[in-house]
Structures are given as C-alpha cells and as structure tokens.
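Peer 1:
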Amino acid sequence: MAAGAVALAVAVVGLSPAAAPPAHAAQTITDIAYAPAQPAGTQGNLLDLYLPDGDGPAPLVIWTSGSAWLADNGKAGARSIAPELNARGYAVAGVSVRSSSQVQFPGQVHDIKAAIRWLRANADRYDLDPDRFAVMGDSSGGWVASMATLTGGVQALEGDLGTTGVSSRVQAGVAFYPPTDLLQIGAQAGPGGMDHDGPTAPGSLLLGCQALSCPDLARQANPVTHVDGDDPPLMLLHGQADGVVPHGQSVLLYEALKDRCVDTQFFSVPGAGHMVGEVMSPARFGQQTVSTVRGCQETRTTGSPNPSWDTIVGFLDAALGEGTPGPVPTTPPTEPPAPT
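Per mature numbering (1 follows the signal peptide of the UniProt record, and there is no 0), the sequence shown runs over residues -25 to -1, 1 to 315.
#1: Quick check: the Cα distance between residue 123 and residue 253, rounded to an integer number of angstroms?
#2: What's the C-alpha gap between residue 146 and residue 237?
#3: Can you give me the C-alpha to C-alpha distance between residue 310 and residue 136, rounded to a whole angstrom?
#4: What's the C-alpha gap between residue 126 and residue 132?
#5: Which runs of the alpha helix (DSSP H) at least 4 residues long sit entirely within the segment 146 to 219? Give them in chain order.
#6: Taking only runs that begin and end inside the segment 59 to 131, name each unbroken beta strand (DSSP E) of 3 or more residues, in chain order.
#7: Just grab the DSSP bridge partners of residue 239 for me.
#8: Here's the rule: buried if 16 or more other CB atoms are within 10 angstroms of the residue's CB, otherwise exposed. What is residue 273?
#9: Leaving out five residues before and five after residue 290 in sequence, what residues of the same chain have Cβ atoms less than 8 Å from its Cβ?
#10: Would you call residue 155 buried or exposed, if buried means 16 or more other Cβ atoms sit within 10 Å of its Cβ?
#11: So residue 288 is in the alpha helix (DSSP H); what residue range does that whole segment cover?
#12: Report all residues from its chain with a CB closer than 8 Å to the CB of residue 327; omit the five preceding and five following residues, and keep chain order.
#13: Where does residue 30 sit, in a helix, a strand or coil, going by DSSP?
#14: Between the Cα of residue 102 and those of 25, 167, 204, spot the shortest distance and give me the residue it belongs to.
#15: Can you tell which of 282, 284, 47, 261 has its C-alpha closest to the C-alpha of residue 13?
#16: On the DSSP bridge list, what partners appear for residue 8?
#17: Which of helix, strand or coil does DSSP assign to residue 54?
#18: Just tell me which of 88, 216, 129 has its CA closest to the CA of residue 205.
#19: Answer with buried or exposed for residue 54, where buried requires no fewer than 16 other C-beta atoms within 10 angstroms of its C-beta.
#20: Please return the same chain residues whose Cβ sits closer than 6 Å to the Cβ of residue 92, not counting the five positions on each side in sequence.
#21: Check whether the Cβ atoms of residue 288 and residue 107 lie closer than 8 Å to each other.
#22: Spell out whether any CB of chain C is found under 8 Å from the CB atom of residue 110.
#23: Between 200, 60, 222, 98, which has its C-alpha nearest residue 231's C-alpha?
#24: If you count every other CB in all the chains shown that lies within 10 Å of the CB of residue 216, and 16 or more means buried, which is it?
#25: Could you tell me which of 31, 42, 22 sits nearest to residue 177, measuring between CA atoms?
#26: Please confirm whether residue 23 and residue 39 have their CB atoms less than 8 Å apart.
#27: Could you please give the first and the last residue of the uninterrupted alpha helix (DSSP H) stretch that includes residue 223?
#28: Grab me the residues of residue 10's own chain with a C-beta within less than 6 Å of its C-beta, minus the 5 sequence neighbours each way, in chain order.
#29: What do you reckon, are the CB atoms on residue 220 and residue 249 nearer than 8 Å?
#30: Taking all protein chains shown into account, decide if residue 258 is buried (16 or more other Cβ within 10 angstroms of its Cβ) or exposed.
#31: Kindly list the residues whose CB is nearer than 7 Å to the CB of residue -22, restricted to its own chain and excluding five residues on each side of it in sequence; keep chain order.
#32: Expressed to the nearest angstrom, what Euclidean distance is found between the alpha-carbon atoms of residue 109 and residue 202?
#33: Counting along the chain, where does the alpha helix (DSSP H) carrying residue 253 start and finish?
#34: So, under 8 Å CB-CB, residue 87 and residue 67 are touching, yes? Tell me the CB distance rounded to an integer number of Å.
#35: Roughly how many whole angstroms lie between the Cα atoms of residue 293 and residue 15?
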C-alpha cells in the first residue's frame, strides 16, 4: 500500500474502542446487518446505533469514516462523535460500507443507500424521525456522505441491496475534506503530493481503472457531477494544508453547489491538515473563511463562526427543521432484517 494511501486510511476521527457506552447514549446497539454480507465475512454491511436520552423521535446523523476506500469498518468512528451529537438530541448511526477490494464503484453508494433505507424502514422501532436524516463523513467517508446527499433521485445509483421500497434520500449532509472530482484531484495535488492518478491510487482501486483512462465512469463517481437544484443543504469543511485530499476538491464542490443555488456552507481552515481535530481547531492555525449560500445569495466571513459541533448542529437544525420526506420508490417494500 502506498504511503499516501496509508495516511488517508488512518487520518480519521480518533477511534478509541472503550467498552462502556458513550456518554449521553441511552442505548447502544452494535453490529446490525442492514444488508446481506457480500462477500461473506465483510463488515461492510453492518451498522451501530447510538440512541440519545430524551423523548423522540430523534433526528439521525449517519456517520461513516474514511479509509481511502481501503477498509470496511467505517462505522467505528461514530463512537467518537456520538457523545457530541447525542448530547444535542441527535441519534447517531455508524455505518460501514465495503472496501474497494470487496466491491468497486458504485458498490459503496449502493451500501450507504441500503443503510439509509434500512434505518428509515426501522425508524419507529428505534424512535427515529424518518423525515430528518443527515449523513456525515470524513475523507472517503466524506465522499460517501456527499454522494448520498447529492444522488437522492439518481435511480441508476440506488441499487437493490437489503430493504427496498423506502426512500434513500437524506435531508442534509456534512462532508469533511471529501474527494469530489477524481478527474482533477491528481492535478490539484501537484508535485510532491499524494499520487491520485496511478494504478494503485485509492481512486483507481475504487473505480477499477485509472480515472483519466475511464473518464465516463469517473464522472459518475464524482459528487460534483450530481449537483442539481433539488439537492438538500450540504456543509463542507476542509483544511487548506491538507496533503492527502487537496483543498481544491471542496472548492470545486462548493462552486458547483453555489452555481445551482443549493444551500451550503464551506469552512476553509488555513493550516489545517487531513484531520477532523485540526479542521475543528481553527485557533491553532488562523482565521478560517466561511462561505455560505442561502437562497442563491452568497456571503463570506472571516474568523466567525468557528467550526464546532455546535456550528454543525446549528446547520443541521436549520436544514432538517420539522422534516421533509423524500419520494418513495414504487417498488414494493421488503421485510427489513431483524436487528441483532
């Protein structure tokens, strides 16, 4: 594995598998199979639930950690963010998707959509609000979050894993330093940057080909391709010193969202690298720039607000409101698998 890919695989939210449930979680349920294991032995069909104290139904944040698409345990990072979100009234689902060695694109998109459908079909069971779902992730997990947010109406990327007949549309998204355009990421990395175009680059392993040699497939895997005016609000957070996923990747997606009048907020943090902890600690590096689009109008500020869990939850609260249900496919529903 290339050194850059290793860096991308490990630069995720701090993972600490403590035995006790996270603070503020009234109930923790682990290793729920949201779809059959394909291939056998994968963890990329599992999710964990962290349910908050208080009266429901609770809005839900679906989290998946990044790994350069090399790992199938993206649900693990949810344990670190669940205390922050449970304390603010949000349920959290940590969702794993399959690695690029287990399935190539669009398999990972099929996975996250299957998880969303399962969670929506089982919302009553876990006291979740099915009309207030958000998806969040970092790095390749941010790519998963972006794709889930922007492809709610793209039938070609829906797949038929697990529960069907239920909408996979989410009402908001949050993406930390996501890859957004595999055709431009290599050029943006520049000399000395991580290799994004070679045959063993993470994106090449995801696609099964080098992006520049299969541009049509790469475009379908690019979040920037799928932006349209019906998309829900999406927040982007990216460090300007990110040496793994170039800062310009979030710039590209922000500009596409702005051009199509999608509500969005982009935190550009000087000096911060490829770590959630750095992006969320702007005082260590300098004043961040916050670009916001609301109702086709752009505003830009420097230094305020700081990226924090309160800021993120404020964005989610405004985006989710009382809930706006997505359209349900016309195919008949299947019985959701029983929780384990």
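We put the CB at the ideal spot given by N, CA and C, even for glycine.
Since the structure is predicted, the reported quantities are computational estimates derived from the model, not experimental observations.
Peer 2: On the basis of the supplied data:
#1: When rounded, the distance between both Cα atoms is 25 Å.
#2: For the pair residue 146 and residue 237, the Cα-to-Cα distance works out to about 12 Å.
#3: For residue 310, the predicted structure reports a pLDDT of 34, less than 50, and the residue's modelled location is therefore unreliable. A value from the coordinates is still provided. Straight-line Cα distance between these residues: approximately 12 Å.
#4: Approximately 7 Å between the Cα atoms of the pair.
#5: Runs of the alpha helix (DSSP H) inside the segment 146 to 219: 160 to 164, 177 to 182, 190 to 195.
#6: Taking only runs of at least 3 residues, the beta strand (DSSP E) segments lying wholly in the segment 59 to 131 are 66 to 70, 103 to 113.
#7: The partner list for residue 239 (beta bridge, DSSP) reads 209, 268.
#8: Under this definition residue 273 is an exposed residue.
#9: Its chain contains 147, 149, 208, 210, 240 as the residues whose beta carbon lies nearer than 8 Å to that of residue 290, once the 5 sequence neighbours on both sides are disregarded; these appear in chain order.
#10: Result: buried.
#11: Start and end: 284 to 295.
#12: As displayed, the chain neither begins before -25 nor continues past 315, which places residue 327 out of reach and without an answer.
#13: Assigned with DSSP and collapsed to three states, residue 30 falls in coil, not helix or strand.
#14: From the listed residues 25, 167, 204, the smallest Cα separation to residue 102 is found for 25.
#15: The shortest C-alpha separation from residue 13 is found at 47.
#16: The partner list for residue 8 (beta bridge, DSSP) reads 21.
#17: In the structure shown, residue 54 sits in a helix (DSSP, three-state: H, G or I).
#18: Between residue 205 and the set 88, 216, 129, the nearest pair of CA atoms involves 129.
#19: Taking every protein chain shown into account, the CB of residue 54 has 16 or more other CB atoms within 10 angstroms, so this residue is buried.
#20: So the qualifying residues of the chain are 138, 141, 143.
#21: The answer is no: Cβ separation not under 8 Å.
#22: The question asks about chain C, but that chain is absent: this structure has only one protein chain.
#23: It is 200.
#24: Under the 10 Å beta carbon count, residue 216 is surrounded by fewer than 16 other beta carbons and is classified as exposed.
#25: The shortest C-alpha to C-alpha distance from residue 177 to any of 31, 42, 22 is the one to 42.
#26: Not a contact, by the Cβ cut-off of 8 Å.
#27: Taken as a continuous stretch (DSSP letters only), the alpha helix (DSSP H) holding residue 223 covers 223 to 234.
#28: Residues 20, 89, 136, 137 of the same chain have their beta carbon placed closer than 6 Å to that of residue 10, with the five preceding and five following residues left out of the count.
#29: Against a cut-off of 8 Å, the Cβ pair of residue 249 and residue 220 comes out as a contact.
#30: Answer is exposed; the Cβ neighbour count stays below 16.
#31: Note that residue -22 scores a pLDDT of 46, beneath 50, so its modelled location is shaky; the value from the coordinates is reported in the next line. Closer than 7 Å at the Cβ level, and outside the excluded window around residue -22, lie 169, 170, 219.
#32: Rounded to whole angstroms, residue 109 to residue 202 spans 17 Å at the Cα level.
#33: Per DSSP, residue 253 is one residue of the alpha helix (DSSP H) stretching across 251 to 254.
#34: So it is not a contact: roughly 15 Å between Cβ atoms.
#35: C-alpha separation (whole angstroms): 41 Å.
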